[in-house]
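Take the sequence shown: its position 129, counted from the start at 1, is 208 in our numbering, and no numbers get skipped.
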Amino acid sequence: MKVAFILSGLSAGGAERVISKLAEAALGRGWDVTIITFDSPDDPIFHAIDPRVALVRLALPSGGKGPAAVIRVVRRLWMLRRHLRGRFDVVISFLTKINVLTLLATLGLDVPVLVSERNNPDRQPAHPLWRCALRHLYPRASSIVMLTHRGRERLRKAERDRAIVIPNPISAFPYLPRQGGTPQLVAVGRLDKQKGFDMLIAAFATLSDRFPEWNLRIFGEGPERSALEGQVQELGLAHRISLPGCTARHGEWIEEATLFVLSSRYEGFGNVVGEAMRAGLAVVAYDCDFGPSDMIEPEVSGVLVKPEDVAALSDALAGLMASPDRRRRLSAAAIERAKQFGESAILETWMRAIEMARDESFDSRRGAASPSIGTPALRS
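Shown next, in the form of structure tokens:
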């Protein structure tokens, strides 16, 4: 079978990591695998891609305004359609705008498309035309892969009927949480409004005098760096709060953490929560849509906090910063909970979903009945 994975680029994101794992699993089945991206061939690749994968980088990043943006979208559609026509048995796209582009580019082509929704589409900023396209195109997908059941339930019925739930695989890293030394609260993610680091900094500021031995480290890069650094300076906490950028190796931040926090306004899944749990870190997370509540059992394997409530986040952090015994108890339960999101089982579910899309496409061409896309095995 020939499969193509489509995404915007190959940077240090969760979708990029999952695609690298899916490509390996597909190669293990003897499939021909192609990854198509819109970034430049000169851009760095963060997650290793198997050399057997055919890598097509179109050098057509998003951007621009007005007519220039429209021209760029048209060029992306034309190039993508040219590369997909008649070459693949199944196409799998990741992230909302890439999903829309892929569904548009494959209109009239006899190829099933699985779209993977990696975020919360209700909260993502988008032009009304994109939202209109999403509403009309998503029901045309062979399947819509959601990361959480709460996410699936938010879809409109026409989309929900074609949606399956496959959570992200949680990898185990060869790193151990910080032992001894200065205790550190750690957060990880793109430095943008979605991740809520402004709220985290505000919460930590209320705790800095009470816990003078603790520091906060926020790993990641993004457009909000200047604003966040300015906030830290205004609070007079530059000696306590640092933004060291991305780690050289995925998961290396675990070694810096005594306690982990997710302060996002919204998520698609929140991979870093699962990674922290798998490493044995106690976790405090906003109970945002979607993801944290799928992984964390409140007060058993972590702590969930009312979304976007800085005072509640501050209180939850204080409770764990003050209690090593409570951190150890949550840590032990977190390790066991994270094992339920093991890599092998989730990758196998993905492979079955891809095979099902191919089989349904073949059966529809023959006019034969085929299994429902919502088989319980894929919804569980």
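For every residue, glycine included, the Cβ atom is placed at its ideal position computed from N, Cα and C.
How long is the line joining the alpha carbons of glycine 88 and aspartate 288, rounded to whole angstroms?
-> Taking the straight line from one Cα to the other gives about 42 Å.
Cβ shell of alanine 395 (< 8 Å), same chain only, five flanking positions each side left out = Once the five neighbours on either side are set aside, the close Cβ partners of alanine 395 are Val363, Val382 and Val384.
Ignore the nearest five residues each way along the sequence and tell me which others in arginine 136's own chain have a CB closer than 7 Å to its CB.
-> Counting only Cβ-Cβ distances below 7 Å, and skipping sequence neighbours, we find Thr116, Asp118, Ser119 and Pro120.
Segments assigned beta strand (DSSP E), at least 3 residues, entirely inside the segment 177 to 213 = Entirely contained in the segment 177 to 213, the beta strand (DSSP E) runs reaching 3 residues are, in chain order, 192 to 195.
By DSSP, does isoleucine 115 sit in helix, in strand, or in coil?
-> Strand.
Backbone CA spacing between serine 459 and histidine 228 [nearest angstrom] | Interpretation of serine 459 is limited by its pLDDT of 38, a score under 50 that renders its predicted location unreliable; the figure taken from the coordinates is listed afterwards. Their Cα atoms are separated by approximately 9 Å.
Could you work out which residue in Ala105, Gly275 and Ala102 is closest to tyrosine 365 when comparing CA atoms only?
-> Of the listed residues, the one whose Cα sits closest to tyrosine 365 is Gly275.
Mind checking which residues open and close the beta strand (DSSP E) that includes arginine 136?
-> First-last of the beta strand (DSSP E) with arginine 136: 133 to 136.
Host beta strand (DSSP E) of threonine 322 (start-end) | Before going on, a small fix: residue 322 reads as leucine here, not threonine. 320 to 324 is the span of the beta strand (DSSP E), which, as asked, contains leucine 322.
Quick one, are the C-beta atoms of arginine 407 and leucine 399 less than 8 Å apart?
-> Against a cut-off of 8 Å, the Cβ pair of leucine 399 and arginine 407 comes out as no contact.
Compare the beta carbon distance of leucine 322 and arginine 304 with 8 Å and say whether it is the shorter of the two.
-> Cβ atoms of leucine 322 and arginine 304: closer than 8 Å.
Measure the CB-CB distance between glutamate 238 and proline 218 and report whether it falls below 8 Å.
-> Cβ distance < 8 Å, so glutamate 238 and proline 218 count as in contact.
How long is the line joining the alpha carbons of glycine 107 and serine 172, rounded to whole angstroms?
-> Distance between the alpha carbons of glycine 107 and serine 172 is about 20 Å.
Go to leucine 101, then tell me how far its alpha helix (DSSP H) extends in each direction, as first and last residue.
-> Note, leucine 101: alpha helix (DSSP H), 93 to 107.
Stretch-stretch touch, CB-based, cutoff 8 Å, three pairs: the segment 124 to 141 with the segment 83 to 99 = With the cut-off at 8 Å, the segment 124 to 141 and the segment 83 to 99 touch.
Go ahead and label serine 449 buried or exposed: buried means 16 or more other beta carbons lie within 10 angstroms of its beta carbon, across all protein chains shown.
-> Because serine 449 carries a pLDDT of 38, less than 50, the predicted location of this residue cannot be relied on, and no value is offered for it.
Taking only runs that begin and end inside the segment 256 to 331, name each unbroken alpha helix (DSSP H) of 4 or more residues, in chain order.
-> The qualifying runs are 276 to 286 and 304 to 313.
Using only alpha-carbon positions, find the residue among Ala390, Leu163 and Asn199 that is nearest to valine 224.
-> Considering only Ala390, Leu163 and Asn199, the residue with the shortest C-alpha distance to valine 224 is Asn199.
Measure from the alpha carbon of tryptophan 110 to the alpha carbon of each residue in Ser380, Ser221, Phe290 and Met430, then state which is nearest.
-> The option with the nearest alpha carbon to tryptophan 110 is Met430.
Check the DSSP bridge columns for lysine 81 and list the partner residues they point to.
-> DSSP lists Asp111 as the bridge partner or partners of lysine 81.
Endpoints, beta strand (DSSP E) assigned at valine 362 | Note, valine 362: beta strand (DSSP E), 362 to 365.
The segment 346 to 360 contacting the segment 251 to 259, beta-carbon criterion three pairs below 8 Å | At 8 Å Cβ cutoff, the stretches touch.
DSSP on serine 250, reduced to helix/strand/coil?
-> When DSSP states are grouped into helix, strand and coil, serine 250 belongs to the coil group.
Return the first residue and the last residue of the beta strand (DSSP E) that isoleucine 171 is part of.
-> Secondary structure note for isoleucine 171: its beta strand (DSSP E) is the uninterrupted segment 169 to 173.
Exposure label - lysine 176; buried when at least 16 CB within 10 Å | So lysine 176 ends up on the buried side.
When you compare only the Cα positions, how much space is there between serine 141 and isoleucine 114?
-> Within the model, the alpha-carbon separation for serine 141 versus isoleucine 114 is close to 18 Å.
What is the rounded straight-line gap between the Cα of glutamate 427 and the Cα of alanine 104?
-> Note on geometry: alpha-carbon atoms of glutamate 427 and alanine 104 lie some 8 Å from one another.
Can you name the start and end residues of the alpha helix (DSSP H) that isoleucine 375 belongs to?
-> For isoleucine 375, no alpha helix (DSSP H) run applies, since DSSP gives it neither H nor E.
Evaluate isoleucine 150 with the Cβ neighbour count: other Cβ atoms within 10 Å of its Cβ, from every protein chain shown; 16 or more gives buried, anything less gives exposed.
-> Burial call: exposed.
Valine 379 by DSSP, collapsed to three states: which one?
-> In this structure, DSSP gives valine 379 a state outside helix and strand, which the three-state scheme calls coil.
Classify isoleucine 433 as helix, strand or coil using the three-state DSSP reduction.
-> Isoleucine 433 falls in the helix class under three-state DSSP.
For leucine 183 and leucine 216, believed in contact at Cβ under 8 Å, the rounded distance | That pair is a contact at about 7 Å.
Among Asp277, Val379, Ile243 and His206, the one whose alpha carbon lies nearest that of lysine 144 = Comparing Cα positions, the closest option is His206.
Cβ-based neighbour list, methionine 158, same chain, cut-off 8 Å, excluding 5 preceding and 5 following = Taken in chain order, the residues that qualify are Leu137 and Leu139.
beta-carbon lysine 176 near the ligand PLP non-hydrogen atom, thresh 7 Å = For the structure depicted, the ligand PLP is absent and the ligand set is empty, with no information on it obtainable.
Looking at the structure shown, is alanine 447 part of a helix, part of a strand, or coil, going by DSSP?
-> At alanine 447 the pLDDT is 47, less than 50, meaning the model places this residue with poor confidence; the figure from the coordinates comes in the next sentence. Alanine 447 falls in the coil class under three-state DSSP.
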